[in-house]
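Which chain is which? The protein sequence lines are A and B, in order. Start counting the first sequence at 0; every next residue gets the next number (numbering that gives the first Met the number 0). Start counting the second sequence at 0; every next residue gets the next number (numbering that gives the first Met the number 0). For glycine and all other residues, C-beta sits at the position ideal for the given N, C-alpha and C.
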Amino acid sequence: MGLPPEIILEAVLNGLLTGAVYGLVALGLTLVYGVLHIINFAHGALLTMAMYAAYVAWASLGVDPYVAALPLAALFFGIGYLVQRLVIGPASRGKDENILLVTLGLSIIIENLMLAVFRSDTRSIDVPYAMDVIEAGPTLLSYPRVIGFVATIAVGVALYVLMRFTMTGKAIRAVAKERTGAALVGIDVAHVYAVTFGIGTACLAIAAAMLLPSFYVSPRVGNAFVLVAFTIVVLGGMGSVVGALVGGLVIGVVESLSGLFLGESLGQIGIFLIFILVLLVRPTGLFGARA
Amino acid sequence: MLEIRGLEAGYGLATVLRGVDLTVPSGRIVAVLGANGAGKTTLNMTISGLVRARAGTITFEGRRIDGLAPPAIAEAGLVHVPEGRKVFPNLSVRDNLELGAYRRARGTRARNMERVFDTFPRLKERIRQGAGTLSGGEQQMLAIGRGMMAEPRLLILDEPSLGLSPLLVEEMFALIRRLHAGGLAIMLVEQNVAQSLDIADDAHVLENGTFAIGGTAAQVRADPHLQRAYLGL
């Protein structure tokens with residue numbers, strides 16, 4: 000495999016950049032799992048919806064996805080809050096299998112709504128900087144991916160600060176591990192659940208805005224990312240926020256390197272090998288709590 | 000201060016409380032005694048709003064609270080330190096205490112935390128430590144300290160002596176007496192009948208979801224049924 004080291008370095012760096020946005024998608028999934036203890040099967044559909052929202056912002060309003068990222072995050076926080084408060088929460092009363100069906104049903108509804116409105120054509124936006132590169136030593140890095148990486152780090156830091164230092168964040172962590180104790184000190188558990196779901200959905204909106212300049216959007220595009228995100232969540236440890244970010248970077252590099260050595264079409268095979276290996280060797284993931 | 004009339008509650012098809020009447024006057028320690036499974040914890044959960052009352056009324060300081068959600072009840076100053084402590088294991092001692100003031104007494108949080116540390120110097124030594132790594136006795140202190148952070152009007156202590164060594168049990172009852180010395184009304188729910196009767200003003204014995212015996216602690220102690228069934232006399 001006598002590939003020159005610059006090519007390998009570039010593959011690793013590009014893998015890190017792509018992996019960061021994967022991590023951002025996984026972040027919402029793992030946060031919801033860690034606090035609500037539910038697996039949200041509507042995550043991919045919500046990502047698709049967010050990508051269409053960013054698409055509409057560009058195509059109809061002429062707003063650049065990077066500018067739209069924060070307003071979209073706020074909008075999707077609200078959507079996530081309401082979906083949990085009005086649909087998933089009331090419908091899941093008690094049983095886990097209810098949640099599975101409710102989120103699965105939600106994803107079908109959202110996907111078909113997108114299909115009805117946008118048809119099945121794949122769409123992409125044409126921003127002037129889509130092909131721009133940034134020179135980093137001997138390697139060239141794609142500008143949209145560097146922006147995506149920076150945004151992921153910013154979201155990661157913001158979440159860390161929220162969780163560690165604010166009363167809201169402490170209440171979220173309290174509810175995650177000790178629901179009854181939280182209710183007794185006066186924390187409104189249903190509200191905290193909805194806020195957490197909203198934060199997860201807001202992460203998706205930011206990921207969507209970061210993906211749009213370099214990816215196409217179609218009614219089922221979210222699923223491709225969420226499949227990878229599930230692997231990341233398992234690798235990083237179910238419910239671990241740090242695990243999601245680190246896992247995203249690892250998976251990004253694995254995908255990029257297996258694409259380089261095995262060919263572009265086999266790039267994802269490495270991801271699923273990792274998935275199986277983690278399940279066999281370390282089922283709690285890198286940062287997961289021991290059972 | 001707390002008035003319960005004809006309270007019924009349960010889970011699914013099971014009825015646990017079958018018509019409970021209880022009065023906790025302000026400034027007193029009222030012990031609720033009974034064996035495992037008598038309904039003591041269900042009574043507490045119903046008062047706190049975690050379990051819905053099926054019949055009857057709960058009035059706290061003149062206001063109906065049955066049907067309110069737990070946060071509203073905590074906000075009214077009815078603070079419940081639950082069985083099994085229910086501290087937040089993934090949060091530090093300091094964060095646990097801060098969350099005690101989530102709904103009440105936020106403005107006086109710093110002062111109250113100092114008071115908790117005066118009462119429990121051990122907690123101050125472990126201020127940065129995760130609550131999950133504390134010993135059982137320390138977790139119980141933390142649970143009570145977290146309750147005190149809300150400046151309770153009425154404190155419900157559910158099995159505070161459960162799982163503690165005999166020495167710590169002594170300390171726990173001494174502490175309850177100290178908390179009460181400041182005028183705080185306490186509803187003490189215990190399996191430990193003898194020691195609870197020593198510090199309580201009034202006592203009630205729960206059997207099969209209803210109060211079988213009730214009165215002042217002295218009257219309850221003199222009851223022949225209680226002596227036979229609970230004190231082994």
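Could you work out which residue in the options is closest to residue i when comparing CA atoms only?
i                      : options                       : result
residue 59 of chain B  : B:16, B:25 and B:88           : B:25
residue 241 of chain A : A:282, A:278, A:78 and A:159  : A:159
residue 220 of chain A : A:122, A:266, A:7 and A:144   : A:122
residue 223 of chain A : A:63, A:1 and A:44            : A:44
residue 150 of chain B : B:64, B:96 and B:222          : B:96
residue 216 of chain B : B:78, B:162 and B:27          : B:27
residue 125 of chain B : B:105, B:19 and B:93          : B:93
residue 197 of chain B : B:161, B:100 and B:173        : B:173
residue 170 of chain A : A:155, A:261, A:157 and A:186 : A:186
residue 165 of chain B : B:136, B:152 and B:180        : B:136
residue 20 of chain B  : B:91, B:55 and B:35           : B:55
residue 66 of chain B  : B:111, B:107 and B:50         : B:50
residue 87 of chain B  : B:139, B:193, B:230 and B:3   : B:139
residue 121 of chain B : B:110, B:134 and B:221        : B:134
residue 192 of chain A : A:91, A:56, A:24 and A:61     : A:91
If you run the structure through DSSP and keep just helix, strand and coil, what is residue i?
i                      : result
residue 68 of chain A  : helix
residue 47 of chain A  : helix
residue 201 of chain B : strand
residue 113 of chain A : helix
residue 133 of chain A : strand
residue 186 of chain B : strand
residue 18 of chain B  : strand
residue 94 of chain B  : helix
residue 144 of chain A : helix
residue 157 of chain B : strand
residue 38 of chain A  : coil
residue 12 of chain B  : coil
residue 221 of chain B : helix
residue 1 of chain A   : coil
residue 215 of chain B : strand
residue 290 of chain A : Note on residue 290 of chain A: pLDDT 41, under 50, position unreliable in the model; no value is reported.
residue 132 of chain B : helix
residue 30 of chain B  : strand
residue 58 of chain B  : strand
residue 177 of chain A : coil
Can you say whether residue i is buried or exposed, counting buried as having 16 or more other CB atoms within 10 angstroms of its CB?
i                      : result
residue 289 of chain A : In this prediction, residue 289 of chain A has a pLDDT of 49, which is less than 50 and means its spatial position is unreliable; what the coordinates show is noted afterwards. Burial call: exposed.
residue 146 of chain B : buried
residue 224 of chain B : exposed
residue 231 of chain A : buried
residue 111 of chain A : exposed
residue 5 of chain B   : exposed
residue 134 of chain A : exposed
residue 236 of chain B : Past the edges of chain B, shown from 0 to 232, lies residue 236 of chain B, and the structure says nothing about it.
residue 157 of chain B : buried
residue 275 of chain A : exposed
Using a Cβ cut-off of 8 Å, pull out every chain B residue sitting near residue i, in sequence order please.
i                      : result
residue 179 of chain A : 49, 81 and 85
Taking the CB atoms as reference points, tell me whether residue i and residue j lie closer together than 8 Å.
i                      : j                      : result
residue 205 of chain B : residue 32 of chain B  : yes
residue 45 of chain B  : residue 13 of chain B  : no
residue 19 of chain A  : residue 165 of chain A : no
residue 14 of chain A  : residue 254 of chain A : yes
residue 256 of chain A : residue 31 of chain A  : no
residue 200 of chain B : residue 15 of chain B  : no
residue 159 of chain B : residue 185 of chain B : no
residue 49 of chain A  : residue 173 of chain A : no
residue 39 of chain B  : residue 188 of chain B : yes
residue 178 of chain A : residue 188 of chain A : yes
residue 81 of chain B  : residue 180 of chain A : yes
residue 247 of chain A : residue 286 of chain A : no
residue 284 of chain A : residue 233 of chain A : yes
residue 148 of chain B : residue 89 of chain B  : no
residue 212 of chain A : residue 98 of chain A  : no
residue 64 of chain A  : residue 208 of chain A : yes
residue 77 of chain B  : residue 127 of chain B : no
residue 117 of chain A : residue 218 of chain A : yes
residue 167 of chain A : residue 78 of chain A  : no
Chain B partners of residue i, CB-CB under 7 Å?
i                      : result
residue 95 of chain A  : Within 7 Å Cβ-Cβ: nothing; residue 95 of chain A doesn't reach chain B, min ~18 Å.
residue 243 of chain A : Correct list: empty, because the minimum Cβ distance to chain B is about 17 Å.
residue 162 of chain A : Those within 7 Å of residue 162 of chain A in chain B number zero; the least Cβ separation is about 10 Å.
Give the residues of chain A in contact with residue i, contact being defined as C-beta atoms less than 7 Å apart.
i                      : result
residue 73 of chain B  : 183, 184 and 185
residue 145 of chain B : 184
Distance cutoff 8 Å, beta carbons only. Does residue i sit that close to anything in chain D?
i                     : result
residue 49 of chain A : Structure shown: chain D not included; protein chains present are A and B.
Find the residues of chain B that neighbour residue i, judging by a C-beta separation of less than 9 Å, and give them in chain order.
i                      : result
residue 172 of chain A : 87, 89, 90 and 94
residue 166 of chain A : 97, 98, 101 and 105
Given that residue i touches chain A, what residues does it touch there, using C-beta distances under 8 Å?
i                     : result
residue 70 of chain B : 182, 185, 186 and 187
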